[in-house]
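One structure is given here, and the rest of the page talks about it.
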Amino acid sequence: MSFDLSVWALPDRATPEQVRAAVQQCREGWHGRQQPDPRLVAFYRAITGSYPDGPPRPGTPWEAPLHTAADHIEMNLNPTCPDQVLLDIERLAGEHDLMLFDAQDGSVYPPPARVRS
Numbered sequence: 008m009s010f011d012l013s014v015w016a017l018p019d020r021a022t023p024e025q026v027r028a029a030v031q032q033c034r035e036g037w038h039g040r041q042q043p044d045p046r047l048v049a050f051y052r053a054i055t056g057s058y059p060d061g062p063p064r065p066g067t068p069w070e071a072p073l074h075t076a077a078d079h080i081e082m083n084l085n086p087t088c089p090d091q092v093l094l095d096i097e098r099l100a101g102e103h104d105l106m107l108f109d110a111q112d113g114s115v116y117p118p119p120a121r122v123r124s
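Structure, rendered in structure tokens:
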């Protein structure tokens, strides 16, 4: 069973409730017609630079190709992926001012830079 995380490009000061509402809208199939947020584009390039996107194969952390949308990227991680992958996702989310959503328990984590402010 995969471990699912997503990163969200929402406005500054977005609350965990706003992230959960955006997740629910995505699950219901509602996606606005907008251009991808530049923060997500940068995150995608950075994470796939270390861990290439695509069909699952040995040596990659992904259970499935990444799901990309204008306001978020969903990552289905192999349950045996190294902890370093999770640390890299968290670090890159912080560098790009993205909120993290943990689909297992509904937790929302602001970027580390926001936590320190």
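Using this note's numbering, read the sequence shown as starting at 8 and increasing by one per residue. Every residue, glycine too, gets a C-beta built ideally from N, C-alpha and C. Fair warning: this is a prediction, and the values are worked out from it, not measured in the lab.
For residue i, which residues in the same chain have their Cβ closer than 6 Å to its Cβ, ignoring the five residues on either side in sequence?
{"i": "V122", "result": "With a pLDDT of only 47 at V122, under 50, the local geometry of the prediction cannot be trusted, and no value is derived from it."}
{"i": "H74", "result": "E81"}
{"i": "S13", "result": "H79, E81 and F108"}
{"i": "S124", "result": "Note on S124: pLDDT 42, under 50, position unreliable in the model; no value is reported."}
Beta strand (DSSP E) containing residue i: first to last residue?
{"i": "Y51", "result": "Run containing Y51: none in the beta strand (DSSP E); it sits in the alpha helix (DSSP H), P45 to S57."}
{"i": "E35", "result": "From DSSP, E35 is part of no beta strand (DSSP E); its letter is neither H nor E."}
{"i": "E81", "result": "H79 to L84"}
{"i": "L12", "result": "F10 to W15"}
{"i": "L107", "result": "M106 to D109"}
Using only alpha-carbon positions, find the residue among the options that is nearest to residue i.
{"i": "V48", "options": "Q111, A110 and D104", "result": "D104"}
{"i": "T87", "options": "P65, D19 and Q42", "result": "P65"}
{"i": "P89", "options": "E102, Q32, G101 and W69", "result": "W69"}
{"i": "G101", "options": "G56, F50 and E35", "result": "F50"}
{"i": "S57", "options": "G113, S9 and V92", "result": "V92"}
Please say whether residue j and residue i have beta carbons closer to each other than 8 Å?
{"i": "A71", "j": "H38", "result": "no"}
{"i": "P23", "j": "V115", "result": "yes"}
{"i": "R46", "j": "A21", "result": "no"}
{"i": "L99", "j": "I54", "result": "yes"}
{"i": "Q111", "j": "D44", "result": "no"}
{"i": "Q52", "j": "G113", "result": "The identity of residue 52 in the sequence shown is Arg, whereas the question assumes Gln. No, the Cβ-Cβ distance between R52 and G113 is not below 8 Å."}
Kindly list the residues whose CB is nearer than 8 Å to the CB of residue i, restricted to its own chain and excluding five residues on each side of it in sequence; keep chain order.
{"i": "A29", "result": "W15, L17, D78 and H79"}
{"i": "I96", "result": "L12, V14, I54, M82 and L107"}
Tell me which same chain residues have a C-beta within less than 7 Å of the C-beta of residue i, skipping the five on either side of it?
{"i": "P117", "result": "M106"}
Taking residue i as part of the alpha helix (DSSP H), name the residues at either end of that continuous run.
{"i": "R98", "result": "D90 to E102"}
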